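Scroll down for the structure; my scribbles are underneath it.
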Amino acid sequence: MVRTLCVAVVLATTWGAWPAPAAAQEGQGGEVSDEARAEARNLYRRGRRLLERNKPDEALEEFARAYALYPHWATSNSMGVCHDRLGRPAEALRLYEQALQEGGDEIPQRQREEITTRVSALRIQLGIRDTPTGTIRVTTTPPGARIWLDGTEVGDSPKDVEADPGPHQIEVELEGYDREGVMITVVRGQTVMAALTLDEIVVVRNGRLVCSSEPAGARVLVDGSEIGRTPVTLPVLPAGEHLVRFDLPDGRSLEERVQVPADGTARVSVLFGGGVHQGWFWGVASAALALGVGAAGTGTYGTLLWDEFNDPGTSRARQEEIQPTGRSLMLTTDVLASAAGAAAVAALILAFFIDFEGSTEPVATVSFGDAAAAPAAEFPLDIPAEDAPAEPGAGEEPAAEAPAETAAR
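Numbering (our numbering), first residue to last: 423 to 831.
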């Protein structure tokens with residue numbers, strides 16, 4: 423009964439809507455002849471009379487023929503009424519919506535409201551709901567991340583998330599990866615993409631580096647940065663490979679690549695050797711030889727000039743010419759000979775302190791251990807009391823006990 427009443431109302435609103443020929447021609451752009459419009463109008467009236475007599479199937483045929491001659495929103499609406507009477511809600515809904523689209527602003531307000539009301543009722547009857555929301559399609563790389571929509575968890579990726587139109591904050595989180603977020607604007611009835619790539623969290627683990635050398639006092643550089651002189655400890659250093667360099671004041675040096683363990687200690691000990699490096703001897707000996715050769719050269723030339731000066735056949739003018747040069751050469755010879763003698767003596771002394779048969783190349787020894795088990799004495803840097811690890815027997819007087827090595831000496 424309610425459906426019949428609604429259909430009757432819709433039908434009544436359109437029966438007076440068929441335009442006059444001039445209006446029809448203006449509304450349709452003059453593409454239909456006057457004869458076709460007149461025939462369509464007669465068919466429309468015939469269909470209306472059949473519908474009044476409750477013959478919707480016959481009326482539908484007349485309306486369809488009228489629409490074929492002259493398409494008009496009132497005819498579409500009337501065909502919708504016929505299908506509505508015949509129990510065909512889906513076809514009725516299609517024609518009602520077609521009528522609304524064809525008529526547009528030409529449909530009077532009251533008639534539009536009546537048709538719209540019937541359309542809404544049919545959509546509910548057919549289980550068709552309007553889509554007041556939009557959809558956010560959330561995907562992540564890697565997948566499986568938890569999704570938050572405006573601070574509320576809504577599931578795991580990938581997932582389609584419904585949201586009201588407007589801006590929304592999408593955030594995703596996956597264990598082992600940084601949390602990511604993006605602002606998305608939702609449009610009603612549309613699907614927008616939110617594709618996020620997660621960055622893996624890099625956990626930096628540290629170790630400890632202890633450096634010593636024999637002799638002590640070597641400058642230590644780690645990856646090009648000086649950290650002090652041996653013995654020295656670097657309490658916090660990222661785990662991994664590092665380039666450690668030792669430089670002694672006498673020019674001897676050594677580079678070693680050291681793998682610092684995570685949460686552990688790498689100890690590098692360099693033995694440069696206790697004697698004087700052979701380079702000192704050979705350098706001083708070479709200098710003595712060079713000075714001696716120079717003294718021999720200047721002395722020989724000076725002697726030749728001396729002999730020429732004392733030759734009875736040398737003229738006085740020649741004697742005056744060579745006298746200054748000869749004196750300078752003899753003086754230079756004395757200086758070079760003295761320096762050569764001093765260098766020779768120095769080389770002889772150095773020879774007593776050099777082991778020519780032993781190796782003078784520095785040797786590095788690398789060992790590893792647990793950072794927590796390292797003795798506190800190896801920490802030359804000050805550590806705040808609240809951060810320092812607890813020592814067994816803290817607060818007690820240490821026993822006066824000499825190491826075994828000291829006692830042996």
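Ideal placement from N, C-alpha and C gives every residue a C-beta, glycine not left out. Being a predicted model, the structure only gives us computed values, none of them experimental.
Beta-carbon to beta-carbon, Ser634 and Pro653 are separated by about 4 Å, close enough to satisfy the 8 Å threshold. Take the alpha-carbon of Gly629 and the one of Pro683: they are about 6 Å apart. Along the length of the region 473-546, whole alpha helix (DSSP H) runs at least 4 residues long occupy 478-491, 495-507 and 511-525, reported in chain order.
The Cβ atoms of Pro589 and Gly556 lie no closer than 7 Å to each other. Here Arg630 carries a strand assignment [DSSP, helix/strand/coil].
Leu670 carries a coil assignment under DSSP once its states are collapsed to helix, strand and coil. Under the criterion of beta carbons closer than 8 Å, Val541 and Glu519 qualify as touching, at roughly 6 Å.
Beta-carbon to beta-carbon, Glu730 and Thr722 are separated by about 13 Å, too far to satisfy the 8 Å threshold. Taking C-alpha positions only, Gly662 is separated from Gln591 by approximately 40 Å. Taking a contact to require three or more Cβ pairs closer than 8 Å, the region 561-573 and the region 526-545 do not qualify as touching.
Judged by their CB atoms, Leu491 and Ala462 are nearer to each other than the 7 Å cut-off. Contact between Ile606 and Ile569 fails: their C-beta atoms lie close to 12 Å from each other, not under 8 Å. Under the three-state reduction of DSSP output, Arg470 falls in the helix class. Closest option to Ala688, judged by alpha-carbon separation, among Glu742, Thr787, Ile623 and Gln612: Thr787. The alpha carbon of Arg468 has as its nearest neighbour, out of Thr574, Ala458, Ser455 and Leu482, the alpha carbon of Leu482. Leu659 has its alpha-carbon roughly 31 Å from the corresponding atom of Thr619. Secondary-structure assignment with DSSP links Tyr723 through no beta bridge to anything. In the DSSP annotation of this structure, the continuous segment of the beta strand (DSSP E) that includes Gly577 starts and ends at Thr574 to Asp578. Put simply, the backbone Cα of Leu670 is about 8 Å away from that of Pro637. Residue burial is scored here from C-beta neighbours: Arg679 has fewer than 16 other C-beta atoms within 10 angstroms and is therefore classed as exposed. With a 10 Å radius around the Cβ and a threshold of 16 neighbouring Cβ atoms, Ser647 comes out exposed.
Val757 is the residue among Asp479, Val757 and Glu457 whose C-alpha sits nearest the C-alpha of Ala712. When the Cα atoms are used, Val594 and Arg545 turn out to be separated by approximately 37 Å. Within the model, the alpha-carbon separation for Gly611 versus Asn499 is close to 27 Å.
Closest in C-alpha terms to Arg601, from the list Thr613, Ala585 and Ile623, comes Ile623. Around the beta carbon of Leu517, 16 or more other beta carbons sit within 10 angstroms, so the residue counts as buried. Assignment of Val609 by DSSP, reduced to helix, strand and coil, places it in the coil class. Of the residues assessed, Asp506 falls on the buried side of the cut-off, its CB having 16 or more other CB atoms within 10 angstroms.
With contacts defined by Cβ atoms closer than 7 Å, Phe668 and Val632 do not form a contacting pair.
In this structure, Leu665 is the residue among Val625, Leu665, Leu751 and Trp495 with its C-alpha nearest to the C-alpha of Val642. For Val706 against Ala762, the beta-carbon gap comes to about 11 Å, at or over 8 Å, which does not count as contact. Between the alpha carbons of Glu742 and Ala766 lies a gap of roughly 37 Å.
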